[in-house]
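To keep things clear, I will list the structure first and then write my remarks on it.
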Amino acid sequence: QSRMYWLTAYVYLALRTLALGTFVGGYLRNSDSESANAWLNNLLNPLTVSQLFFPVANNIANEQILKTVCLGLAVSAVSIGFFKLVLSDFSKNLLRIQVFSCGWAILSFSIVAKVWSFASVVSGGRHTYLVSAALCLWFASALFAEESEAQTLSLSQNRFRKNATRILRAASLLVAVSYAAVFYFLCNQHQVLWQKAGLQTTIFRQALIDAANSKPDSSKIALLNPPVTCGDIDTFCRFNVLRDSFREPFYKGDLYSKIETTRQYLSPSDLLRKSALDETLSLSPSIMPLIWDPDKNRFKDRAHKIKTFSERQDAPKQAALTPINITPDGFQYFALSQINAVSPTKNGFDAIEISADYDATANDTNPADSAYIEVIWKDDTKLPHFSSKLLATDDSDGIQRYYSLTASMAAATGVRRNLIADQKPHRYLFQLSEFSTWLLEESPSVNKIRIVTHSQSGNIRISNVRLVDLENEIPKLSANKNEFRRNSDGTLSHSYHNCPLQFSYDARSIAGAKSVLFTVSAPNHLSEPSRTSYRQTKPPRDPSVRVQSTTINGEISLTEVQLPNSADYEVTVAALNSNGDMIGYRSEPLILRFEKNTSLFTKDAEHPQATP
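Here this note's numbering is used: the first residue of the sequence shown is 27, the next is one more, and so on.
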């Protein structure tokens, strides 16, 4: 009977671990459905079984995994020792029934939590799941209860004891069958539970494998979708998460080491500055750029994607508004119309700037949120659009940030901005080229763009709509190619020590620029890249270095004395008008990593902006 207890323990732990991937799949980015799906799809892989208790996740989680495994094994060992002390009298059988019922209830709840929430959002979910093993092992002993008669008991007592044992065994079998049925049902709901993530992951994964096989000589594979579309989204497979499915034992080969995200080698402005993208890729010809279309589940040719949309040379920069629909609930819809058609050329527009003012009424209890303007670019007559919107806001530093309102960023079909209720005209920028659905349009046209205004009360007046080429709004900043060398991983290192660093800037494309402001941020005070687009309309606060130059095209030096600490610094340049006010937007941040001992400057791999 002791051997049966041990066998039960091992079989149970093995099946439970295999079925739900507690030790590996549960902690391999335990809140990501893509990883759980990859684990479940590879349950029968011999390599997966062989590495059952050996984590394939990153080293950060190893300590947590080890503690959890030790906890589960310790509790199981204690429960197995408890088996030897369990007597077969009626009182103990009642105890078994109680523990039996509680154990199955806790385990069932933990399984549901594991399947639906991956046991990470439930307080103590993962540990409750493991501790439930002890309860299961306790009541599992009821299946092997002895039916032999005890000499010290009377005939009626023995008969009652046998009946109670049979009832307990039948109850155990009934609950076990019920559990198996529930588990079978959950397993068959696989395509329902992971319909989006699972199907998207499978298609994306196979498409990535096919693309890699088409160019086996490529050393790196870069995803060109804008970084802002790679956040917490459900219809776009996160690249970093997907990389884990290309580790062994899930996949044999070197594809894992080749995959890199946009942030590794390409800056978010590369999709706006096409010349910068081409130059970046030309410096690293072994990089294979890919662009993923989440709507059609396929990769598309980069040449089709990386193109801008502009008016003809004789077309005006200002667009007209044509009312197309007015609803009684406060929504107004306008279509952009131009004198001449829009055709793709090298320099085009990738943002829309709307000048508007809002006059709130006394009935507005919350005027800051009662009126807004949306720019949508899906040619859909079924208005209004309530899904797939992004909320654009400016923080105190003038950094524009985007947040998902109701749907994924990758599937965003519009941008919303709340209006300032002060009866004064304000400019609101709506970027189009940083969102994949605009980039993924088969036939992009300004005629597909719709402007939606809404106010609960009060009046919204749009005075101007301007198509903006952001290259003409953002000054260029680069590190002197003679001072830096480009490393194989995309970083820039300073080639010489104890000499000033030279930076080149150019603000000639910005109308009205009379001077430039060169700034270096405080140590380790960097912009948050994951939710921003680097469209910063204000100079940084409390910079370490602040230099104003009266020339709008030239070079500027940075010495070691100006950077006294070993830290990361964000270097930017902005254009100023004749009054000293900032116009346009700050340049893309150039991140320098300063090592005090070696005077070594390296450009952060996640923000590659300088072009040597």
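The beta carbon of each residue, even a glycine, is placed where N, CA and C say it ideally should be.
Burial is judged here by how many other beta carbons sit within 10 angstroms of a residue's own beta carbon; residue 581 has fewer than 16 and is exposed.
Taking 9 Å as the cut-off, the beta carbon of residue 441 is found no closer than this to the beta carbon of residue 529. One thing to note: residue 284 has its Cβ within 9 Å of the Cβ of residue 244. Cα atoms of residue 488 and residue 380: separation of roughly 7 Å, rounded to the nearest angstrom. In the three-state DSSP reduction, residue 234 falls in the helix class (H, G or I).
Residue 238 is positioned such that its CB atom lies closer than 9 Å to that of residue 247.
If you look at residue 283, you'll find it in the alpha helix (DSSP H) that goes 281-284. With fewer than 16 other Cβ atoms from the protein chains shown falling within 10 Å of its own Cβ, residue 604 counts as exposed.
Residue environment for residue 443: buried (at least 16 other C-beta atoms within 10 angstroms of its C-beta). When DSSP states are grouped into helix, strand and coil, residue 499 belongs to the coil group. Under the DSSP assignment, residue 277 falls outside any beta strand (DSSP E); it carries neither an H nor an E label.
Note on residue 538: under 16 other CB atoms within 10 angstroms of its CB, so exposed under the neighbour-count rule.
In the DSSP annotation of this structure, the continuous segment of the beta strand (DSSP E) that includes residue 456 starts and ends at 452-457. Within the same chain, Cβ atoms closer than 7 Å to the Cβ of residue 541 are found at 574, 575, 576, 578, 602, the five residues on either side in sequence being excluded. Annotation: residue 482 to residue 453 spans about 21 Å, alpha carbon to alpha carbon.
In the three-state reduction of the DSSP assignment, residue 272 falls in the coil class, being assigned neither a helical nor a strand state.
Contact between residue 495 and residue 449 is absent: CB atoms are separated by about 30 Å, not below the 8 Å threshold. If the five residues before and after residue 400 are omitted, its C-beta is found closer than 6 Å to the C-beta atoms of 440, 442, 478, all from its own chain and listed in chain order. Going by beta carbons, residue 473 and residue 377 fall outside the 9 Å limit. Of the residues 568, 535, 536, 534, the one whose Cα lies closest to the Cα of residue 548 is 568.
Taking the C-beta atoms as reference points, residue 609 is found nearer than 9 Å to residue 536. Selection 396, 497, 550 evaluated against residue 611 yields 497 as nearest (Cα-Cα). Its Cα nearest to that of residue 324, the residue 236 stands out among 236, 358, 359. The C-alpha of residue 499 is placed about 24 Å away from the C-alpha of residue 583.
Put simply, of 551, 420, 280, 403 the residue whose alpha carbon is nearest the alpha carbon of residue 593 is 551.
In the three-state reduction of the DSSP assignment, residue 534 falls in the coil class, being assigned neither a helical nor a strand state. Annotation: the continuous beta strand (DSSP E) that includes residue 385 extends over 377-385. Close CB contacts of residue 570 within its chain, under the 6 Å cut and outside five residues either way in sequence, are with 546, 548 (chain order). In the DSSP annotation of this structure, the continuous segment of the beta strand (DSSP E) that includes residue 574 starts and ends at 571-575. If you check the CB distance, residue 402 and residue 486 do not come in under 9 Å. A residue is called buried once 16 or more other Cβ atoms fall within 10 Å of its Cβ, and residue 456 is buried on that count.
Around residue 281, the same chain offers 238, 272 as residues with beta carbons nearer than 6 Å, after the five sequence neighbours per side are excluded. When the beta-carbon positions are compared, residue 595 and residue 619 come within less than 9 Å of each other.
Closest in alpha carbon position to residue 313, among 526, 358, 506, 241, is 241. In the three-state reduction of the DSSP assignment, residue 492 falls in the strand class.
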